[in-house]
Every structure is written in C-alpha cells, then in structure tokens.
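Notes follow the structure.
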Amino acid sequence: MVLALTNVYAKTYSQVVTLHQKNASVEKVLRSIEKQTGYHFMYDKQDVSKASAINIEVAGVSLQQALDQAFKDQPLTYKIFQETIVVKKKDDVAAAEPADIKISGTVSDTKGALPGVSVRIKGSDLGTQTDVSGKYTLNVPANATLVFSFIGYNTQEVAVGGRTTVNVTMTESQRALSEVVVVGYGTQKRVDLTGSVGSVGSKQLQERPQTNLEQELAGKLAGVNVSTNSGAPGGETKIRIRGYSSINTNTDPLYVVDGVVWTEGGNSINPADIESVDVLKDASSTAIYGTRGANGVILVTTKRGKTGTGTISYDSYVSVSNMAKEIPVLNSKEFMQVEDLSYANIKKYDPVGWAAGNYASRDPKLQRTALIGKLFDQNLQPLYDVDWQKATTRSAVSQNHNVSFTGGTDKMNYGLFLNYADDEGIILNSYLKRYNARLTFDNQIKSWLKVGATLNYNTQDQRTADDGTGGNNIPRMLIEMVPFIPIRYPDGTYGKRTDYPNLEGGDNPVAQANEIEALYKKRIFSGNGYLNINLLPGLDFRSTLGVTTSANYNPHFQSGLVGGSTAGQQYSSASISEANNTFWQWENHLTYNKVFNKVHTINVVLGAEQQNFQQTGFGASTGTLSDNFYQYYNLGAGQVPGIPSSNYDAWQMRSFFGRLNYNYKEKYLLTVTGREDGSSRFGTNVKNGFFPSAAFAWRASQEDFLKDNKTISDLKFRASYGLTGNSEIGEYRSLANISTVNYVFGGAQAIGTQQSTIGNENLSWEKTAEYDLGFSLGLFNNRVNIEADAYLKKTKELLLNAPLPETSGFNSVYKNIGRLQNKGLELTINTQNVKTENFTWNSSFNISFLKNKILQLGASNDDIFLNPTFLSQFNLMRVGLPAGSFYGYKVLGTWGSAEESQASVYGRHPGDLKIQDTNGDGKITSADKVILGKGTPDGYGTFSNTFRYKNIDLGVDLQFNYGNQIMNLTRHSGQDRTGQANSYATVLNAWTPTNQNTSIAEDRPAYVGYQTEIYSTKVENGNFIRGRAATLGYTFPTQMISKIKLSRLRVYFQAQNLFVITKYTGYDPEVSTYNGSSNFTQGIQFYDYPKPRTFLLGLNVSL
Amino acid sequence: MKFNLKKYRIGYSLLILTIMVSSCKKDLVEKDKGNFVKSNYFTTSTQARTFVNGIYQKLYLFQNGDAYGESPFITLELFAGHATSLGQSVNNGNVIKQITDAVNPGFEDVWSNSYNAISNANIALANIPGIANFADADKKKLLGEVYFLRAFFYYHLVRLYGDVPLITAPVTITSPDLYPSRAATSAVYDQIISDLKAAEASGMAETDATGKVSLGAVRTLLASVYLTTAGYPLQKTANYALAAQEVLPVLSDYTLFDKYDYLHDNAHKNQGELIFQSNYLVGVATNAIPQLTVPFNLLVGAYGDHLGAMIPTNEFVASYEAGDLRTVERQFYFSSYPSYKDGSTIIFGEHALYKYFHLESAAASGQSDENWTFLRLPEAQLIYAEATNEVSGPTQAAYDQVNKIRTRAKLAPLSGLTKDQFRIAIWKERYHELAYEDKAYFDMQRTHMAYVVNSNTFGDPTTTKTEQNIQFKPQYYLWPIPQREISTNSKLTQNTGW
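The listed protein sequences correspond, in order, to chains A and B. Residues in the first sequence are numbered consecutively from 1, following our numbering. Residues in the second sequence are numbered consecutively from 1104, following our numbering.
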C-alpha cells in the first residue's frame, strides 16, 4: 500500500536537516525530515517494513546528506521530484514481474506533467512511478485496472482495456491544511500558523481572469473587501482589510512582492505572474511590518522556474463587454414636455417677475422657433432623439495573452514570463494596454550559498474617459446631454449643449471621447536579488536588495472642438505631467531553526531593513494651441502657456525586527514578534516606534483525545494580540512649510510665498491594537473546512487632520488625537459536497461582518467632515457613529395643495419638497440635519460552487454585500433641477396638482429657485447580490492531446457580472467617484463609468 | 591561489550587516528640496519681498467663484438687495431671500482667507525686521505694505462679522492665540488705524502703477475707515474731519478716466483713477468676473459658463437720473450684445453689468484677467464730499469733487443743497457711481439707510422693502460667524439673530 504522510504544498522551506534518532522506524525518521524541510515522502509500506531500525545523528546537513545517511544500511533508495521524495526498494519494482503487455503514458494535472505519481496494478503490489516528465511505462495484464495516486490528488482507477497508452489527468484534493503560507520574512505551514492569514493560489486567481490583481482578489478571502468602483478598464479598486483603521491616513494595505515592498499599487501586477497571495490580517501577523502594517499586508509570491524539463505554457482569453445596465433618462419629447411645464410654472414661483415680463424672452417656444431646421421641424417637434448612453458606449473587445517558459535542474531554475493585455473600455476610445516581461533565476551555487534574482519590466498605457468628478465629463454627459441635439450635424460638426439657449455648458460625450485624449503611461522597472548563506546548521543568513523605478508620463490633449460654448481653437489645450519614482529596500535577516529534546521546535528571525523612496515630478501645460495637429507633442505651439511645475518628495525608513516561533509537540504554538521603525515622516521629537505582538495556538486535534477522532480531522484554536502603526500620511506633515503662490505686479508674474502648514513637531504614528480569536476546524477527513476569526481593532492616537480655528491662518493640522474601533467576524467554509470518480461538487462560502465606530475625535469631540463636500458637508465623522456617515435633511415628501399655509411657514409652496423640521423651530436650518446612512457595509462575502463532471467543469461565483447606503449625488443635477440639462426619467413623476404623492418637487426652471441639498432622497440602499462569474470549462483528456505533444489543454467560457440584484438605481452599487478625496468615499458617487457585462473565451495550453 | 569561500561565509555576512547598519546611521531628517520650511526662511531681502507678495495673493479671495455663481463679491451685493441671481445657486437665492445661515460656505470663505492673509502678515511683521543685509528704508517700505494689507483684511472682517478675534502675532500649535476670543469692534478699529498710520509713515510712493500698495491707497483706505467709524456702530463723529483731511492729498494724485471702458480693460490697470486693485494675468491668475456677471446662458463671449449670478434689478438701473451717461448702453450696463457664436443680436431681457464685461477675454480665450478694483478715485472724492459735509456742510470743495463725477456722467452739477440734501445726493452718487463694487452693503451698515429705488429715497432697511420685496432683517447688518469656527473654537459666540 502506498501512503502519503502529509500533503505539503510547498513553496519555500528550510533545506537543512537535523536528526537525532536511535532505533527509530523509517517512518519516524521520514516524518521528522518532513517537518523540518516541508518535503514530503511517499513510499510503499511493504518496502519500508523490510527496513531495520535506524540510528542517525546529524545536524544542519542537507536533505540529501541526511537521507544518504539514514538509508546507508537499508534496502531503500530515494528520488526527489520537486518537493516530493519517493522512497522505494533498491531493486527495480517495475521489472519484478512478467506481464502481458507494455503500456506507457503521461500523468498530468491542470498545470502540466506530474512526476512521482504512483502507478499500480489494482489488486497487486506491482507498480511504478512517473518520471520527471510525468511519463511511465509498465508491463501489465491486458485486462488490468491501473490505480494512479499522488499526494494531494484524488486517486484514479483506469481500466487498461487493451490500450498501450494510458494518459491520466489527476485532480487535486482538498489540501488547505497542508499549505505552506508566506508570512513576513519567512514561511510557515498553515497548520503551524498562530495568526490570521488568508491565502489564494494561482489556480484560484486564474479562475476569473481580470487585468488587475485587486479585481481578482475580490471575494476570495474573508475580511478582505475589494470594491471595484468603476467600470473603466483596470477599474478603480479599493481594498480594505478588516475595516477602516484610520480617518485621515491612508487605509490601503501594504503590498510586498517577493519580500520587497511594492510601491506601484496592486493594479500594476500582472495576475498571471502570481504563484500565490497571502494576506496578513491580524496584528500578530502584520506587526513584523511595524508602522506599515496597520491596514493589513498583501504578500505576493510570483511564479518562478521549476525543476524539471522545460515547460512552455500559453494562457489567453478574448472577451466582449457591453454596458450592463442603462439608466432611463428623458427622451426628446419628454424633455420638451418637462421644459414647457417648467416654464409655465414660473408664474407660480416668481409671480412678480412673470408679470413684469422678465421671462418672456426665455419662452421655450421662441427658442425652438429660432432653431427650426436645425433642431426642430416646422411643428416645433425635435428632429433628433439621441440615446447618449448607447451612442457613447460600445461592445469592447479585449484580449490577454500570457506565455511562460520555465525549466531547471536540481540546483538551478529559470523562468521567463511574458504578458500582453489589451483591455478595451465600453466607453468609446478608453483602453488599458499592458506589456509585461519577467525573468527569474535561482541557483544553488554552493551547498551553503544560494542566489536568485527577478527582473520585471512593465508598461501600461491607459486612456481614460472618466477623469474628474463633477464638471463636463463623459460619465455625467451620458445622463445629462440632451437627446434632441445630435452627435453630429449633417455638416459634420458636433452637437453642443449650448446649441439650445437656457442649457448650461457641456459637450456631447461622443465628442469628448473623440476629442479629449487623457493618457496615463507607466513604465515600471523592478529588480530584486537575494543571497542565502547557510552559516551553521540551522542558521541561515539572507540578504535581499530590491529596487523599483517607475516613470509616469501623463499627457493630455483637448482639441478646440470641445470645452467651450462653441467650437474654437481657444478651447484647445495640452499638458504633460510626469512623476519619476525610485524606491529601494535592503533587508538582511538571520533565521535559526532548532529542535530541542525532540519536542521543542524553535524558529527565530532577526533582521534589519532600510527603505528609501524618492519622487521627482514636473508638469507643463499650454492653452490655445495654434493647431490641433500638435496635440501634446509640441507644447510650444500653444499661445497661452501655463506656469510649469516640479516637485520633490522623499522619505526614508529604517527598521529592526525579530520573531520567535515556538512549537511544543505540534500542539502548542507560540509566536512573538517585534519591530522597531524609524521614519522620516514624523516630527523631530518622535522618529522611532516599537511594535510588538504575540500569538498562541492550540492544535487540539493533536491531543490524544482527538487524534483518532473519525469526525474531527483538524482543530486549532488561535489567540493573538499585536500593535501596529500607520505612517502613511505623506511627507512633510510635521513641518511648518513655506509654499509658493503666484501674484501679478505690473502685468508680470510675481512669485509669492505663504506659510501653508502650522507645523507639529510631536507628530507621530497612529497605533492600532488588535485582538484576534480564531479557530480552524476540519471535518470528515477535511472534506469540510471551517475557519473563523473574531477581531477587535482599536486605533488610538489617530493621525487626525484635526480642524483648527481658521483665525490661526490654517485650516487643520495633523495631530495624534482621537480613537477609532473596528470589530468583526470572519467565517470561511469550504466543503466537498460530492466526491465521486466522475463528479465532484465543491462549495466555498465566506462572509465578513464589520462594525466600525468612532470613539473619540479631537480634544472636544467635534464633528469632522471629510471630502467630498458637494452641496454641503455631509461626510460626517462623529463620536459614537461609524466613520463616514451621511448627514443631511430628511425629505418627507412634497407639500400638498392642502398644506399651503404650513408650507408658507418655511417659505415654500405646494409642490416644493417637504423637509423634516427636526427641531420644530419653524425654519429649516442645518440644525435639522439627521443621519441618513453610511458608506461602509455591515457584511459582505462570496458563495462559490464548482462542479466537475469528467473533464467538464462549471463554476458559479456569487458576491453579496449588505448594510451600506449609497449617496447618489447625481440626483442633484439629474432630478432636483430640470431644464438646464437632461434629467432622469424620474422627473416625469414630479409633483403636479394631480400627482401629489411624490418626493420629487414640481418642475420649474432652476433660475427661479429650486431645492437641492443633501436629502434622504439621494441616499439609496446599497445591498446587492452579484452573479460575479459563471465559468464552463473543458479539459482535454491527456491521451488525446499527448498526440499533439501537449501536456495540458483547457478551454473555457465565462460570463462576468452576469446579473446584479439590487434596489440601487444607478449603474452599479459598487461605486465611488471620489476615490482620491478622502478615506471615506465608498458609495459616494457623482456620475460613474458604467460597469460592463463581460463574456470571455479562454484557453490554457502547456507543452 | 585557492581561496576558501566557505570558510569565510560568516565573515561576509557580518560585513554585509556592518555596511547596512552603518548606512542606517543616516539621519531621518525630512528634506524637501522643492520648498522652504519656516526654520530656514527669512534670511534675505528677496525672501522677504516674496513672502509679502504671498499676502497680496489673498486679495483674490473676493473673486473666488464657482460654477453655481457663488462668489464673495457677489454675495456682498446680494446683501445690499439690488441684484438678482439667475443661475442655479441655492446659496445665492437664500441670501437674496434672507433665509441663509451660518453654514453658507461663502461666509467661511471670506473669514478663512482673510485670517490666512493676516496670519502671513503677522509672520512677515515678526520675521522681516530681523533680516540682516536689508537696508532699513527698504525694509520699512516693505513692512508698510504688510501693515496696509493686515489693516485691509481686518477692515473687511470687522465690518462683516463685528467683534472678531484680534491676532497680531504668529500663531503656532502651542500659542494661546490658537483658540482666541472675540475682540471688541473698537479695539479692532484701533489696530486697523494704527496699522494704516504705520503704513503711511513707511515712506512708500504716492502712487504705484504696478499694483503694489501706494500712499494713495493707504490714505483712501484710512479715510474710508474714518468715515465708517464715524457711522454705525461706533459713531465717532469726530472722525468725519479726519476722513476729509486724510483723503485730500489723494484727490490730486489721481485723475478720472475719460471713458468708463477703461475701468475694465487691460490697458489701464492700476492707472488713472484706479487706486488699488487685485491684479490678474492670463497664464498666471485668471478670474471668473465676466463669466459670473454676463446674462445667464446667453452666449455673449467665449466663456465656458455664462452664469448670470449678479444681475442688476431693472428698478435700480431706472433709478439713475435721466440722461446719465452711465445708463447708456455699454457704459455701466448693457442689455443686448452680438452672439459670440454667430453674431446675431442677443436681447437679454434684463440689464447685465458692462462694467465687468471684459472684451479681451470675451473675444479670445474666455480666460479673464481683468483686475478687480478695491479703491478708485470717485470713492475718495465722495468720501471727501460726504465727510466735509458732515463737518461743515456742503463746501465748494465738496461740490467740486462730486461734480467731477457728475460731469463725466453728463449730468448737471449739484449746487445749492442743504446739508441733508447734499448728504442724500452724495449717498445716491455713491450708489450710482460705485454700483456693484461692493460698497453698498457697507454703506447700509454705517448709515443704517437703504436706497429705496422705487421712490428714489433713503429709508430704514428694516422697515422699508426693497424692489425685490425684501425687508432687511436686523441680523443682516452683520454676517454670521461661520458655523465651522463656532464648532471648532468654543470661545467664539454667534452674532445676534443668526
């Protein structure tokens, strides 16, 4: 019988073995090696049973040395395939028995050939293993059944049926408990973890291909909330790990790629390059990252070369996207109808002006008559009726290609990974293109010295269509461009909103998409190299140097055909802004592993790190280009040059860190970490901080009373506490800065300076203390896995941009003041519902509950309002409430005809909005504002199911989110007012004497006065269930494709964003258009880039 | 020679660590190569000049505008009640209807920018005197500009908000002035007068054609301060004489333009009758004055927006005497104009302010760099006439000054009026000549009288309705202290009625 001891999905682990065994069984020795190295063994029990007891005494030797020593006098030999060591009898098993026919074949999995797979004739002890190419040959009886088994994979039985070639594709079994996860400055087996770490492997990442990593992470992990807030190519994503631990300071997680801090954002990592992503969530895991750990840490391990014969893989997809939802707006006839009604209503709202004839010249009939032939026919009916949402969007065709070449020997491996992605946006002309090349290399130069390097080059070119929020931009004009003005007139000129009097400025969105070129070009070059020296048995020294440079070149050009009330060259403009970033990190650490008295295992990490970032940037602009020909290529050709700008920005950090892992009998696990950080960003009085953590875990399933339990296969309890910091406030915040401004004397520029910040030499980091309690439970041989965590995160000494009395000359100052609390529950359940040879059904469910509360703000707990402050300050921070509450007036409906006298108390008429007079003082003032909602959800999660029938797989991925509200500010210009621009079709339900039961005020031109504020009518329910992805795949049988020399071939069809169940009336409830303006902008939107629905055809090939 | 790499592996590791730790010794001081910090500034006379230039930049605050049509220079006129605002600004509408409140962002805009200017002036006054290698005379002149600017902003604050915190030294995070109380109006005026006297004694030039503070500006402003303090709320009537005396030299330093066009073109900035302006230049700083004042959404110029946010009432335009040149089309006002788009004539159906129409930008890029005028000769002339009249009745010199303005407007000279009649005539002249230049509301504050255009008389604003059917609420004599300041500083109290 072939046994698998454990299923270790190894990534990196110690290469050094220490053994002190007397009269030990072979199995015991192998277990011990396995624990230390992460390698796993497979062997035939019969073979091993013939071996005698082993006496071995080695320390800090290589694996090979240890095994040679152990098997010195034994009838055993071994062979290493990747991380698997196959132990077998010294004589050749395959040749042992005569047989009828000779068969051969290849065994593979979805990634390629599988070496070391046991191939056995059912009902006998005869068998063999596959070689490094996954190939085997065996003599068998013609009617035999072969049993294929391999660690971590489901065992398969295949009848030979007279064939001479039998190819098999192995499917992976549940292996969650045996994973190795990357933690800061090292790795750990998942079973040994004391903290809360979520992991995603490359296979899961590839299930739903996206152009950016953050979108692929969405919904994969409990406690990790990824919002894709725009439908633009590449999206505008926001990741929050375990809530919001800061108000004014950055709450983005820290990215670390292959041990080096990644400064260029998750969206510039090619998802196809990723081997695994490990997310450190609790403070005991993140404390090793000190001042940068408070928002969680995303550790990315990229793919590297693999030992074995060379492999070439090609993965690609082509997709078609369309606008998922269209929002009803007024068509031409409806617009005219509303405009006429509005005009007629003037006499009610300004009787004096109406009587005086002030509005006679604004009569729509006059305006239309003047435009007969151009916009209207003889009967004053509109000539055009444009659906701008359709006109400005398209079926976007995107493609993505990845080619990789990998290979290696026992000591050396290499990998070359190439990517081309062209992601078209559904708004005309918008796109994101990426070219990526990565080269990796690892070499065991000496038995004690290993070196490796990665070089990565990334180019991204993006053309956006949704720059800016508010003004004359495309997403706004999709709704607000009027339908009766054409895209182009018969003479080819663009229709403009100002072609009709009384409409405000604004260009048709098709013209904007064509005539405005907003480009973002990014070139990232990054490289890192490491050196690993084995100093003494169990003691390793590792030095890593990483450098990332990025050049950001952002040209912008607008032709004279848009931007003004008429077409004219004076509206043309061009600008270029550039930012060049250099980051380097040099990190050195020592790792020491030792087992004492066979039961005490310790792992110690001690290290130091230096980080340095520098940015130089510049910008130049010009207006009134003499000719559109020049675009942004010749700024000198503009007649109204702007003032050039440049900037310098730099920070440094130096750190010392250490960690101790202690493990007693695999039952009790303890982790203690500490990090001392010094950062340039803080006041002269406070440059250094210390961040400790401790965690304890108990593997109850290792106790005798559970060891042989048939139901509970794994059970572990975890508890941790840690302190982390947040230093992400940008640079120069503690200083009294003198900045430059411009004035004019004598018709010439005069430079001025002003003190722009008050200065705070006591400015320091904010500190987040986090408690975490969790357990993991495996049932029925791990067919059911449950992981749950509860956490309490308290941030104190908030780096608050605290308001100052403006009498000081300053608005605010960064101060360490205030407290914030996040608490939550996270639950992940993975189950293997059905598991038969031909059919499997796996489910994965995760849900996160989150509660955020402000405990203290400033000295007197004054309210703070964050941006945006559209219409009024509404993004409220108030003690006792969740951060980012929406604050405004409650609309009770509209005043009815019978309520004229009550309405007049407030200076209102029937038909006006009825606002709640909360304090009952007979007037509507800011004192009547109430809490209307909040942007952060109560809970979110994912439910996914995977079905596999023979070679066909089907995956369905549902995402849900509840408890948050959306501040739909578009109702301000799209509903509160009419006539100046197009409106939502909802205004057809506005108040009229015969339609009084409505909360939309009576139509009237905005210029006679209308009501608009932050109203409850702008706050919408943000709950949703999204059919995020449905995938149907087919993996070609190995025996079929091996004829064309392929080891793997899979095709799949996928639908993304298939449906959204929501009450929200906008394009998509996952939305924010104010991403840069403050931390709490989720759900606040003023015209977003619509979301696409995408159908995708993909292909995975390996040879 | 064979070298045993392995033997020395511990050594290499130690070497790497040593290099690293020693490289870490570099201090963690933050260096910004792009900007100074306070601790390394104020070392040269050029830095001093530059810092003072920075205070001037805050003069732009009155023209801060947005696409809704809100801007302090408009808010000030809406308070006076002779303008309507089309556009879609809810705040403008609330001011006109007198239902606005302390959260109206315009109130905070003026407050915060004024105090920012004062803060920088305080920093300049504290740090410039210590700069070495800076000739005393030049230093004194420069500080004179700072004194003027501090007085200028305090003068606006004290009139708009009443008792305001009086801060005259730099504020740091630890200074008690960080959370100040309100100072009495009279104390603020004392500081203003003291600052203006310091400016007057600084040795600066009589006039300045580049836009810097001149002696003429100092005197005109001080005269305005005296005139104001002679009225409500302080009623120091002795200051009328001081006002007349202070402004007298100004009357001969400046001359009236021949054409009203020169008030708003690029060729005559800081010249002729223009005493003090905020200065603009395309490519450096532009404003939205024309965009805000052209008729609502009628394409009379190359502007992206036509906001119609300050439209004179027809009644006000009709209140000018018959034959007044200023009411002739395209002098102070206009009611039709060729469409920028196709040249066809646009009839506005209302009067818009030609006074602020900027031909240069309307015909070209739509980017306006017309200057905003704070002080000009007619105001000085009318201060002189009014103050003199209060001291000694209508003197010939007083008649001469007002009649220069009337003559230019093709109106008959005034003569033979009683003291009361002359006062009313001067007030009317102020309304008509300085129309929509942010003087009317301040005149209402100091006189407690409003121009009732329908009857061409003056009346108590709190009992007399304007042509827009609005009766002034007493609280509207002052602006509210911005709600944000009340919330941030518990020592501040709100003005009565707000």
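Glycine residues also receive a C-beta, built at the ideal position from the N, C-alpha and C atoms.
Using a Cβ-Cβ cut-off of 6 Å (strictly less than) and excluding sequence neighbours within five positions of residue i, which residues of its own chain qualify?
i: asparagine 1390 of chain B; result: Gln1166, Tyr1383, Ser1471
i: glutamine 512 of chain A; result: Ile474, Val562
i: threonine 622 of chain A; result: Ala574, Leu635, Gly638, Pro641
i: threonine 1569 of chain B; result: Gly1184
Please determine, among the options, the residue with the shortest C-alpha to C-alpha distance to residue i.
i: serine 885 of chain A; options: A/Ser904, A/Lys929, A/Thr925, A/Gly922; result: A/Lys929
i: alanine 719 of chain A; options: A/Leu777, A/Tyr43, A/Thr1017, A/Thr194; result: A/Thr194
i: proline 644 of chain A; options: A/Phe618, A/Phe596, A/Asn295, A/Ser655; result: A/Phe618
i: arginine 497 of chain A; options: A/Arg488, A/Asn508, A/Pro490, A/Tyr489; result: A/Asn508
i: serine 860 of chain A; options: B/Leu1351, B/Pro1352, B/Asn1592, B/Tyr1343; result: B/Asn1592
Helix, strand or coil for residue i per DSSP?
i: alanine 883 of chain A; result: coil
i: tryptophan 841 of chain A; result: strand
i: tyrosine 732 of chain A; result: coil
i: histidine 1367 of chain B; result: helix
i: serine 1157 of chain B; result: Just to set this straight, residue 1157 of chain B is glycine in the shown sequence, not serine. Reduced to three states, the DSSP call for glycine 1157 of chain B is helix.
i: asparagine 919 of chain A; result: coil
i: proline 1415 of chain B; result: strand
i: glutamine 1574 of chain B; result: coil
i: asparagine 1400 of chain B; result: coil
i: methionine 323 of chain A; result: strand
i: valine 48 of chain A; result: helix
i: arginine 1108 of chain A; result: With chain A running from 1 to 1103 in the structure shown, residue 1108 of chain A is simply not present.
Taking the CB atoms as reference points, tell me whether residue i and residue j lie closer together than 8 Å.
i: aspartate 423 of chain A; j: threonine 211 of chain A; result: yes
i: isoleucine 751 of chain A; j: asparagine 742 of chain A; result: yes
i: threonine 942 of chain A; j: glutamine 959 of chain A; result: yes
i: leucine 1330 of chain B; j: isoleucine 1486 of chain B; result: yes
i: threonine 724 of chain A; j: alanine 1006 of chain A; result: no
i: leucine 1517 of chain B; j: tyrosine 1264 of chain B; result: no
i: alanine 1308 of chain B; j: tyrosine 1539 of chain B; result: no
i: valine 1039 of chain A; j: leucine 1096 of chain A; result: Checking the sequence, you will find glutamine at residue 1039 of chain A rather than valine. Contact: no.
i: isoleucine 966 of chain A; j: glycine 1083 of chain A; result: yes
i: leucine 1665 of chain B; j: asparagine 1195 of chain B; result: No answer is possible for residue 1665 of chain B: it lies beyond the span of chain B, which begins at 1104 and ends at 1601.
i: tyrosine 1579 of chain B; j: glutamine 1201 of chain B; result: yes
i: leucine 850 of chain A; j: glycine 939 of chain A; result: yes
i: threonine 1105 of chain A; j: asparagine 842 of chain A; result: Look at the range of chain A in this structure, 1 to 1103, and you will see that residue 1105 of chain A is not part of it.
i: serine 904 of chain A; j: aspartate 1204 of chain B; result: no
Leaving aside the five residues before and after residue i along the sequence, list all residues of the same chain whose C-beta is less than 7 Å from its C-beta, in chain order.
i: alanine 94 of chain A; result: With a pLDDT of only 42 at alanine 94 of chain A, under the threshold of 50, the placement of this residue in the model should not be trusted, and no figure is reported.
i: threonine 624 of chain A; result: Gln569, Gln570, Ser572, Gly638, Gln639, Val640
Near residue i, which residues of its chain fall below 8 Å by C-beta distance, leaving aside the five closest residues on each side in sequence?
i: leucine 449 of chain A; result: Leu531, Asn532, Ile533, Asn534
request  = At 3 residues or longer, and completely inside the stretch 275-321 of chain A: list those beta strand (DSSP E) runs for me, N to C.
outcome  = Correct list: 297-302.
message = Extract the residue ranges of the alpha helix (DSSP H) inside the stretch 1011-1052 of chain A, only unbroken runs of 4 or more that lie entirely within it.
response = Uninterrupted alpha helix (DSSP H) stretches at least 4 residues long and entirely within the stretch 1011-1052 of chain A occur at 1038-1041, given in chain order.
key: Complete alpha helix (DSSP H) runs within the stretch 482-518 of chain A (minimum length 4 residues, chain order)   = Fully contained in the stretch 482-518 of chain A are the following alpha helix (DSSP H) runs of length 4 or more, in chain order: 509-515.
task = Would you mind listing the alpha helix (DSSP H) stretches within the stretch 1462-1542 of chain B that are 4+ residues and don't spill past its ends, in chain order?
result = Within the stretch 1462-1542 of chain B, the runs of alpha helix (DSSP H) at least 4 residues long that lie entirely inside it are, in chain order, 1462-1466, 1480-1495, 1499-1511, 1522-1536.
inquiry  = As an exercise, report each continuous alpha helix (DSSP H) stretch of at least 4 residues that is fully enclosed by the stretch 1253-1332 of chain B, in chain order.
reply    = Fully enclosed alpha helix (DSSP H) runs of no fewer than 4 residues occupy 1288-1303 of the stretch 1253-1332 of chain B, in order along the chain.
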